[in-house]
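Novice: In this note's numbering, the protein residues as written are 304 to 678.
1. Whole angstroms are fine: how far does the CA of residue 567 sit from the CA of residue 666?
2. Assuming the contact rule is C-beta atoms closer than 8 Å, residue 364 and residue 310 should be a hit. Round their C-beta distance to whole Å, please.
3. Anyone know if the C-beta pair for residue 563 and residue 498 falls short of 7 Å?
4. For residue 491, which option in 503, 479, 456, 460 has the closest C-alpha, if you only look at C-alpha atoms?
5. Please say whether residue 325 and residue 336 have beta carbons closer to each other than 7 Å?
6. Pick helix, strand or coil for residue 529, following the three-state DSSP scheme.
7. If we ignore side chains and look at the alpha-carbon of each, how far apart do residue 611 and residue 481 end up?
8. Are three or more beta carbon pairs between the stretch 439 to 455 and the stretch 472 to 488 nearer than 8 Å?
9. Could you give the residue range of the beta strand (DSSP E) that holds residue 482?
10. How many Å lie between residue 307 and residue 525 at the Cα?
11. Of the residues 489, 444, 393, which one's Cα is nearest the Cα of residue 601?
12. With DSSP as the reference, please indicate the residues paired to residue 501 in a beta bridge.
13. Once DSSP output is grouped into helix, strand and coil, what is the label at residue 576?
14. Less than 7 Å separating the beta-carbons of residue 386 and residue 452?
15. Suppose the cutoff is 7 Å on Cβ atoms and the five residues either side in sequence are ignored; what does the same chain contact list for residue 662 look like?
16. With 16 other CB atoms within 10 Å as the buried threshold, where does residue 640 fall?
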């Protein structure tokens, strides 16, 4: 019955002269999941027909909501008839009409349209008007071209279309936090390249690939670097006290991720750090760890409560994968009570016993690169 889908965006509409660029990026994202025609209008996109994979629009970043709709000519009698058709579908005891009119040349204003259509629906269905808590709401949008009538707003994720903000490299651990951090950067328009440091365990490789595949529904194509870290850890264990190993592990990871960022043309690194959550994430330790990188480091979870992070993980379907047991490189052969107030000068002095550049080059050389593409 529906003959189009009206797509609404939010923040994109505030972008001034760059608005067209953002709209085009959103259209590119939509085209990756459907081959239906797209009509770009002021404040909305209109998809032709009724795409079979309509539900996939709910994961397109940049979309605030979308609505399967009926088209109508710019004629109040035809608008009334189409609204009545929708009202008779799944009728309720009460209803309301909500009208938006971007076409200021239309002969009636929004309130007049709502009143006229509402009277028509009430007269022909027996439903009563309730503007405060209606059992059914019918939306009318009057554009320059035509009118769209619908009764449902399906929420999208909001944010910005992937790709408008450039590329970042995310250190993906396999826990709860880093997939959420990656998603939040995608939601700010970043294309995310993933890097995972592993200890030659096939199960963790499978888990990481599944996590990236889940996140891939938001950016459609992902690159994953799998870096063997055990040989690097062996060198660190030989020279660094167990109280400080976790910090040095992470500093080397930052250097390797930085080299990957250079290779990928990425502008920043992304971590799932959450202040004071674990020993390596005290303010002092994060300062020392981050100082190993020349790149900007984004940690979007830094001030969030753990429960809020878990809620997002469940919403984006990474939580169940994240809680599967896995060996964490950063906890291998470290002290029961690791250093929580590291000093940069002390760590740098310890690192002089290591050939840090060679270790980082080894990580890049041995990294396995995987391309993960949504079907």
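Glycine included, every Cβ here is placed at the ideal spot set by N, Cα and C.
Specialist: Based on what the coordinates show:
1. Translated into the one-based positions of the chain shown, residue 666 becomes position 363. Translated into the one-based positions of the chain shown, residue 567 becomes position 264. Computed Cα separation, rounded: 16 Å.
2. To locate residue 364, count along the chain shown from 1; it is residue 61. To locate residue 310, count along the chain shown from 1; it is residue 7. 13 Å between Cβ atoms; not a contact.
3. As a first step, residue 563 must be located in the chain shown, where it is residue number 260. As a first step, residue 498 must be located in the chain shown, where it is residue number 195. Their beta carbons are under 7 Å apart, which means residue 563 touches residue 498 by this criterion.
4. In the chain shown, the residue the question calls residue 491 occupies position 188. Checked all of 503, 479, 456, 460; the closest Cα to residue 491 is 460.
5. The count along the chain shown starts at 1 and reaches residue 336 at position 33. The count along the chain shown starts at 1 and reaches residue 325 at position 22. The answer is no: Cβ separation not under 7 Å.
6. Start at 1 with the first residue of the chain shown, and residue 529 comes out as number 226. In this structure, residue 529 counts as strand in the three-state DSSP scheme.
7. Here the question's residue 611 lines up with position 308 in the chain shown. Here the question's residue 481 lines up with position 178 in the chain shown. Spanning the alpha carbons of residue 611 and residue 481 requires a straight line of approximately 14 Å.
8. no
9. Working through the chain shown from its first residue, we reach residue 482 at position 179. In the DSSP assignment, residue 482 falls outside any beta strand (DSSP E) and within the unbroken alpha helix (DSSP H) covering 480 to 490.
10. The residue given as residue 307 occupies position 4 in the chain shown. The residue given as residue 525 occupies position 222 in the chain shown. Straight-line Cα distance between these residues: approximately 31 Å.
11. Along the chain shown, read from residue 1 onward, the residue named residue 601 stands at position 298. Measuring from the Cα of residue 601, the nearest candidate turns out to be 489.
12. Sequence index remark: in the chain shown, residue 501 carries index 198 (1-based). Residue 501 is bridged to 531.
13. Along the chain shown, read from residue 1 onward, the residue named residue 576 stands at position 273. Residue 576: coil per DSSP, three-state reduction.
14. One-based indexing of the chain shown puts residue 386 at position 83. One-based indexing of the chain shown puts residue 452 at position 149. One thing to note: residue 386 has its Cβ within 7 Å of the Cβ of residue 452.
15. As a first step, residue 662 is located in the chain shown; it is residue number 359 there, counting from the start. Scanning its chain for C-beta atoms nearer than 7 Å, with the 5 sequence neighbours on each side dropped, one finds around residue 662 the residues 535, 538, 555, in chain order.
16. Sequence index remark: in the chain shown, residue 640 carries index 337 (1-based). Burial call: exposed.
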